[in-house]
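Participant: I have a structure here, written as structure tokens, and I will follow up with some questions on it.
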Amino acid sequence: MLSSTGTASILGESFQDEIKPTENEVRALESQKITLSCNYTYDNPNSLQWYRQYPRSKPEFIILTLGTTDSEKIEGRFNVTNKKESKQVHLEISSAEVTDSALYYCALQPTYPNGFPKYMLRRDTVGEDLSSGDEVIQAQSMKTTEGQEVSLGCSFKTGGNAYLYWYRQYPGSPPQYILQRGSGFTGSHTADFAKKRFSSTVAKNEGRT
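Written out as structure tokens, the structure is:
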């Protein structure tokens, strides 16, 4: 039997829109089909996304589907289906493998009521500016003492303008959105809890944030 496979949600910081798993754990035998499901409350999300996270590793993007209509998308063994009428999104994994044992996150990108997404954890973005060659590289760790100022940096490579996002994650919890900035244009947004102590800068010529 495969070890437990759970789902968690990446929630918005405002507007009370949510996406939540229908169950906390799914078990399956190797080669069986696995279905993970989430319910969401937002009426017209731009996209619905799935991520996978192995222990002591960062979340990795798996697949997305458009959220404005009933839709389905297949990539290899992963199939995602959006049921707009019932506001459910399903991730199906065909022929389960031992390596599929992980924590899975469902997330949604809503329309932009204030010009900014509430939450989005994606390596690439639907649009003409970005491509599959875009990447973000971050240092593994940094040590500091309480009361000191901390500066975290990462380098990025993109063929056009892009939004850059910062998240934090506590053990046993889903990633929490902190802020976002544009890499080649003005525009930024910071979660309410982070406005007093968190800030960001972008050096596009150096490809760093």
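Under the numbering used here, think of the first position of the sequence shown as 114, with each following residue one higher.
For each residue, glycine too, the CB sits at the ideal point set by N, CA and C.
Keep in mind that this is a model prediction, so the values were computed, not measured.
My guess is that I206 and R190 are in contact by the Cβ rule of under 8 Å, so how many angstroms apart are they, rounded?
Facilitator: As a first step, residue 206 must be located in the sequence shown, where it is residue number 93. As a first step, residue 190 must be located in the sequence shown, where it is residue number 77. Yes, they are in contact, since the Cβ atoms of I206 and R190 sit about 6 Å apart, within 8 Å.
Participant: Tell me the rounded alpha-carbon separation between E259 and Y276.
Facilitator: On the sequence shown, residue 259 is found 146 positions in, with the first residue counted as 1. On the sequence shown, residue 276 is found 163 positions in, with the first residue counted as 1. Roughly 30 Å separates the two Cα atoms.
Participant: Quick one: Cα of K186 to Cα of G295, how far?
Facilitator: Indexing the sequence shown from 1 puts residue 186 at position 73. Indexing the sequence shown from 1 puts residue 295 at position 182. Rounded to the nearest angstrom, the two C-alpha atoms are 29 Å apart.
Participant: Looking at the strands, I want to know which residues DSSP matches up with E188.
Facilitator: Locating residue 188 in the sequence shown gives position 75, counting from the first residue. Its beta-bridge partners are F191.
Participant: Kindly list the residues whose CB is nearer than 7 Å to the CB of K309, restricted to its own chain and excluding five residues on each side of it in sequence; keep chain order.
Facilitator: By 1-based counting over the sequence shown, the position of residue 309 is 196. Excluding sequence neighbours, K309 sits near nothing in its chain.
Participant: Ignore the nearest five residues each way along the sequence and tell me which others in P158's own chain have a CB closer than 7 Å to its CB.
Facilitator: Working through the sequence shown from its first residue, we reach residue 158 at position 45. Cβ within range, chain order: G180, L221, Q222 and P223.
Participant: Assign T238 to one of three DSSP states: helix, strand, or coil.
Facilitator: Your numbering for residue 238 matches position 125 in the sequence shown. Legend: pLDDT at T238 = 35, less than 50; position of this residue unreliable, value from coordinates given subsequently. Here T238 sits in coil by DSSP.
Participant: Under 8 Å by Cβ, that's how I've got T182 and K197 pegged, so tell me the actual separation to the nearest angstrom.
Facilitator: Position 69 of the sequence shown, counted from the start, is the residue given in the question as residue 182. Position 84 of the sequence shown, counted from the start, is the residue given in the question as residue 197. Contact holds; Cβ gap of about 6 Å.
Participant: Assuming I147 and A209 make a contact with CB atoms under 8 Å, what is their CB distance in whole Å?
Facilitator: Here residue 147 is taken as the residue at index 34 of the sequence shown, counted from 1. Here residue 209 is taken as the residue at index 96 of the sequence shown, counted from 1. 5 Å between Cβ atoms; contact.
Participant: In whole angstroms, what separates the C-alpha of L149 from that of N137?
Facilitator: Position 36 of the sequence shown, counting from 1, holds the residue named residue 149. Position 24 of the sequence shown, counting from 1, holds the residue named residue 137. Spanning the two alpha carbons is a distance of roughly 9 Å.
Participant: Looking at the structure shown, is V249 part of a helix, part of a strand, or coil, going by DSSP?
Facilitator: Start at 1 with the first residue of the sequence shown, and residue 249 comes out as number 136. V249: strand per DSSP, three-state reduction.
Participant: Among residues of its own chain, excluding the 5 on either side of L161, which ones have a beta-carbon nearer than 6 Å to its beta-carbon?
Facilitator: Taking the sequence shown and counting its residues from 1, the one referred to as residue 161 is at position 48. For L161, where only same-chain residues beyond five positions count, the Cβ hits under 6 Å are T178, G180, N195, V202 and L221.
Participant: Around the Cβ of V263, are there at least 16 other Cβ atoms within 10 angstroms (buried) or fewer (exposed)?
Facilitator: Taking the first residue of the sequence shown as 1, we reach residue 263 at position 150. With fewer than 16 other Cβ atoms within 10 Å, it is exposed.
Participant: Determine the direct distance from the alpha carbon of D305 to that of Y167, and round the result to whole angstroms.
Facilitator: The sequence position of residue 167 within the sequence shown is 54, counting from 1. The sequence position of residue 305 within the sequence shown is 192, counting from 1. Taking the straight line joining both Cα atoms gives about 29 Å.
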